[in-house]
Amino acid sequence: MTFTAEQLERAYRQMKTIREFEERLHVEIATGEIPGFTHLYSGQEAVAVGVCETLTDADYIASTHRGHGHCIAKGCDVLGMMKEIYGRADGLCKGKGGSMHIADFSRGMLGANAIVGGGPPLAVGAAIACRNAGNKAVSVAFGGDGSCNQGTVFEAMNLAVVLKVPAIFVFENNGYSEHTGADYSVGSKDIAGRSRGFGMPAEDVDGADFFAVYEAMQRAVAHAKAGKGPYTIVPLITRYFGHFEGDPQNYRAKDEVAQLRQTMDCLKRFRARVEADRSLPLSRLDAIDTEVLELIDRCVKEAKASPPPAESELTSDVYINY
Amino acid sequence: MPQLSMRDAINQALHQEMARDPRVIVLGEDVSGGAGGTSGEREAAGGIFGVTKGLLPKYGEQRVIDTPISESAIIGAAGGAALAGLRPVAEIMFADFVGVCLDQIYNQIAKFRYMFGGRTTCPVVIRTAMGAGMNMGAQHSQTMYPLLTAVPGLKIVIPSNAYDAKGLMLQAIRDDDPVVFFEHKALYPRKGEVPEGMYTIPFGEANLVREGEHATVVAIGRMVPFAEKALDALAKDGITCDLIDPRTTSPLDSDTIIESVEGTGRLIVIDESPPRCSVAADIVAIVTQAAFRSMKAAPRMVTAPHAPIPFAPALERAYVPGPQKIEAAIRAAVRE
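Protein chains in written order, with the numbering used here: chain A, 6 to 327; chain B, 194 to 529.
Structure representation (structure tokens):
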């Protein structure tokens, strides 16, 4: 399949934005200025972007605790996200959500979710709405090798098959469920096989290859929009950081991450591909790199300068009326 | 005015609101029933208590959705559908099963609006059948509303009669916040006058069922008709009470209760749940803090014991606070 230069630039910009957003957070979190508990997505960018570049604002996604990449890929405002992670009044969720609870309903982004396995049932619900409106849009449930072991996810997959709704399950297998290896915690070692067991097509895909993810998603979206029901994609990928920031990662071999940063980097792979097929001059990508670094720098500066929420916000937004 | 059972009153509300608002869907186990069965009877159940009867033939399979036995998926799907613009009425067959899907109720739908900075609403109604009295044992008879009344973000509705049930259900579906609607199984067949037309009863407005002088009796759900029976008996001895049915435990119309206690000086709360961390204990705490100086006697609670619900009919009768226990408690309070 061929991509326009504009599509390629956009996909690269999205992946690079996620990468720099997360790498910068890793640095800023270490200063102690960012409160709470943060799970970074570095390394997995091609999955979020490969999936979301096949979607529009009419399509839904339900995200996870490692949700920054999904948010950016689905079009959430990056500055608003940064402010949210800093807990500021003008953050995307007024500073009430934080890193694990970013949502933007105008973008079909149904929220990051701090409960592993919390999102897939919600995604199936949005898929019911899509089905009832004629299967013109789809609903994607992001999860991983951790959530694929939750009963809620099994329930969601079965319900999606029974109701034949346009739900797409994306299980990002980054090798670790928190601090436990996926080769231990996934009994069958075959996440896609489980989805097939529920009665839907499923495919493994190279999660570091934007093009491979994008093409798999196109098959999934076509299947779902044809009224054939749900579909599963299992990207094999890695994360460059720990389960959460501060995780000493004693469960990983000493040089594992350093090696994977060389061999499993979606940005390098993307550059190599467009260089090889001459679809885009690398100078364009270099220019995007500079623009993204400037954007992230501005986001951090503005987030730090933003005010915290007023105490009066403590009890607002619990109900519409009470 | 037509006499309807509480079951039929809720059913009528569902029919009328589904006809009025195409965004309303109903989903749950056996809400129509019969899917995949061998009889060819597609609407074989209409809900095990018949509350969703007749919806499938009228509104079709896209809006009346029989689900697998998957409570987490039912509530999660209702939440996701609500975020995507529908107005789902999800059924959890027995309130006890809330335990299976608690995460989707209290971590997900209850918190979306707040966590996401007021950027969304999650207008889900969870209907569920509760209560003891039918010998269904420890896992099919609990009230469960104390647990969910404690969760910020949820509204909790507990109708005690057919008229209220219809008006509260219409309000619940139209309400933009998530609502859990507890239907007492023993009240389903109880008839009352229910207007044919549509009407709503606002949440957070208690019903002053009776006015009296000697005490304030607050009763919830099935305890309301039991308290009325007790008050009938007490009236023969000249004892009269305010009887207040909160109708919703969240929001709670504490003003009406406090005002009444300021007049009567005595408070007795009747609740079918066990006593600890209960709605009864909550009401006693709220009212005592506000009206302590008006009180002539210590507040009392008439509740189930701190025990699971037994099966044997004789034990279950002893478990549920009945009219006689209520009468005795009021008598003791008034004497004090």
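Note that beta-carbon positions come from the ideal geometry of N, C-alpha and C, so glycine has one too. All values derive from a computational prediction rather than experimental measurement.
Proximity of the stretch 220-237 of chain A to the stretch 162-177 of chain A meets the contact definition, three or more beta-carbon pairs being nearer than 8 angstroms.
Against chain B, a Cβ distance below 9 angstroms from A/Glu316 picks out nothing, because the smallest value is about 15 angstroms. DSSP places B/Thr321 within a strand segment (E or B) once states are collapsed to three. Residue pairing from DSSP leaves B/Asp475 without any beta-bridge partner. Using a Cβ-Cβ cut-off of 9 angstroms, B/Thr409 does not count as an interface residue toward chain A, since no Cβ of chain A sits closer than that to its own. When Cβ pairs closer than 8 angstroms are counted between the two stretches, the stretch 73-81 of chain A is seen to touch the stretch 114-130 of chain A, the count reaching three or more. Straight across, the Cα-Cα distance linking B/Gly397 with A/Asn255 is about 53 angstroms. Bounds of the alpha helix (DSSP H) holding A/Val32 are 10-35.
Taking a beta-carbon distance threshold of 9 angstroms, B/Ala202 does not count as an interface residue toward chain A. Taking a Cβ-Cβ threshold of 8 angstroms, the residues of chain B close to A/Val129 are Ala266, Gly269, Ala270, Gly273, in chain order.
As DSSP reads the structure, B/Ala238 sits in no beta bridge. Only Ser321, Asp322, Val323, Tyr324 from the stretch 296-324 of chain A bring a Cβ to less than 8 angstroms from some Cβ of chain B. With a cut-off of 8 angstroms on Cβ pairs, the stretch 243-251 of chain B is not in contact with the stretch 311-318 of chain B, counting fewer than three such pairs. With respect to B/Lys378, B/Ala355 sits apart: the two C-beta atoms are not nearer than 9 angstroms.
Counting along the chain, no alpha helix (DSSP H) covers B/Lys384; the unbroken beta strand (DSSP E) around it starts and ends at 384-386.
The beta carbons of A/Met6 and A/Gln267 sit no closer together than 9 angstroms. In this structure, B/Arg320 keeps its C-beta atom at 9 angstroms or more from the C-beta atom of B/Ile218. Collapsing the DSSP output to three states places B/Gln332 in coil.
Within the stretch 140-169 of chain A, those residues whose Cβ lies closer than 8 angstroms to any Cβ of chain B are, in chain order, Ser144, Gly156, Thr157, Glu160, Ala161, Asn163, Leu164, Val167, Leu168. Separation of the CB atoms of A/Phe215 and A/Val54 is rounded to 6 angstroms, and the pair is thereby assigned contact status at 8 angstroms.
For the stretch 101-125 of chain A, the set of residues with a beta-carbon nearer than 7 angstroms to any beta-carbon of chain B comprises Lys101, Gly102, His106, Ala108, Phe110, Leu115, Gly116, Ile120, Gly123, in chain order. At a cut-off of 9 angstroms between beta-carbon atoms, B/Arg440 makes no contact with chain A.
Annotation: the continuous alpha helix (DSSP H) that includes B/Gln517 extends over 516-528.
Only exposed fits A/Pro40, as fewer than 16 other CB atoms lie within 10 angstroms of its CB. By the 16-neighbour rule on beta-carbons within 10 angstroms, A/Pro313 is exposed. Among the residues facing chain B, A/Gly96 is included, as its CB has a counterpart in that chain under 9 angstroms away.
When C-beta distances to chain B are compared with 8 angstroms, the residues of the stretch 47-74 of chain A below that value are Tyr65, Ala67, in chain order. Nearest CB-CB separation between B/Asp435 and chain A: not below the 9 angstroms threshold. B/Met327 is classed as exposed because its beta carbon has fewer than 16 other beta carbons within 10 Å across all chains shown.
At the C-beta level, B/Gln209 and B/Leu363 come within 9 angstroms of one another. Within chain B, the residues Lys348, Asp370, Phe396, Gly397, Ser443, Pro444 have their CB atoms less than 9 angstroms from the CB of A/Tyr327, given in chain order. Taken through DSSP and simplified to helix, strand or coil, A/Asn179 comes out as coil. Excluding sequence positions up to five before and after B/Ile285, its CB lies within less than 8 angstroms of the CB of Gly221, Glu264, Ile267, Ile268, Val291, Cys294, Ile319, Arg320, Thr321, all in the same chain and listed in chain order. From the listed residues A/Asp95, A/Ala94, A/Val121, the smallest Cα separation to A/Met105 is found for A/Val121. For A/Cys153, the three-state secondary structure derived from DSSP is helix. Chain-order list of chain B residues neighbouring A/Ala231: empty, with the shortest C-beta distance near 17 angstroms, by a criterion of under 7 angstroms.
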